[in-house]
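Read the structure below first, then the notes.
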Amino acid sequence: GRFSGDQAGVWLDADTTLICMVDGLGHGEDAELAARKAVHFVEKNRGMDLAEMMQGCDEELRGSRGAAMAVTRIDKSTGTLEYTSVGNTRCAIIGHKIQYLGGIYGIVGEGINPTIIEQRQLGRRDLVLFWTDGLPETLRLVATRVRRTTNAQAFADELIDEFAIEDDDAGVVVVRWDA
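Heads up: the sequence shown begins at 323 in our numbering, then just goes up one per residue.
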């Protein structure tokens, strides 16, 4: 079978939306298992703050391949986005301007430094875009097209079809904020 080390989770709770993008290191079954393990940890610990969640994932993935990952929480009442990442997963907020969010170097599962929590205010109809290194690090080429898109799933599919690196797993999550 075909395995994918790129996994994602999106959970819609009453007050928040939680998004997780994980890229298990390497390829094949071991990469997929590490990524799935991280997504499962996030799912069962959705109430944790993001820094604790990332540290918990780091402990959970010890002895596995490890992973790069990002976790984001959006407060539905305020439109406040909190974001943290370790490794080379990517995130951009596309609205009136494009904001690329960063993270720290490292591998979740090999002992990580305390993570940095970034906060941004989302505007009406902003797109929040997450991707793994199966796509180019910067997607500036598509920024003008992003502003015109109305269907988040179709846009995610288009990004995979157009930009996925042939010999790598590729993961994309697109969230439209309709406050």
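Here a beta-carbon is modelled for each residue, glycine too, at the ideal position from N, C-alpha and C.
{"Item": "Host alpha helix (DSSP H) of R358 (start-end)", "Value": "G350 to K366"}
{"Item": "Counted within 10 angstroms of its Cβ, other Cβ atoms place S386 as buried (16 or more) or exposed", "Value": "buried"}
{"Item": "Opening and closing residue of the beta strand (DSSP E) in which D345 lies", "Value": "T338 to G346"}
{"Item": "Unbroken beta strand (DSSP E) run spanning L334, endpoints", "Value": "D328 to L334"}
{"Item": "Nearest to I438 (by Cα), restricted to the options V430, I426, Q421 and G445", "Value": "I426"}
{"Item": "Run of the beta strand (DSSP E) containing E440, from where it starts to where it stops", "Value": "E440 to Q443"}
{"Item": "Distance between S326 and A353 (C-alpha atoms, nearest Å)", "Value": "7 Å"}
{"Item": "Buried versus exposed call for K366 [16 or more other C-beta atoms within 10 Å across all chains shown]", "Value": "exposed"}
{"Item": "Close beta carbons around R324, own chain, < 8 Å, minus the five adjacent residues each side", "Value": "none"}
{"Item": "Inter-residue spacing [alpha-carbon to alpha-carbon] between R442 and E404", "Value": "7 Å"}
{"Item": "Which residues DSSP lists as bridging E404, in chain order", "Value": "R395 and Q441"}
{"Item": "Which of helix, strand or coil DSSP assigns to L383", "Value": "coil"}
{"Item": "Selection from T338, G350 and A389 that minimises the alpha carbon distance to F363", "Value": "A389"}
{"Item": "Identity of the residues DSSP links to R498 by a beta bridge", "Value": "L449"}
{"Item": "Nearest-angstrom beta carbon gap, V344 and V361 [assumed within contact, 8 Å]", "Value": "6 Å"}
{"Item": "Cross-strand partners of A373 (DSSP beta bridge)", "Value": "Answer is none; A373 lacks a bridge partner."}
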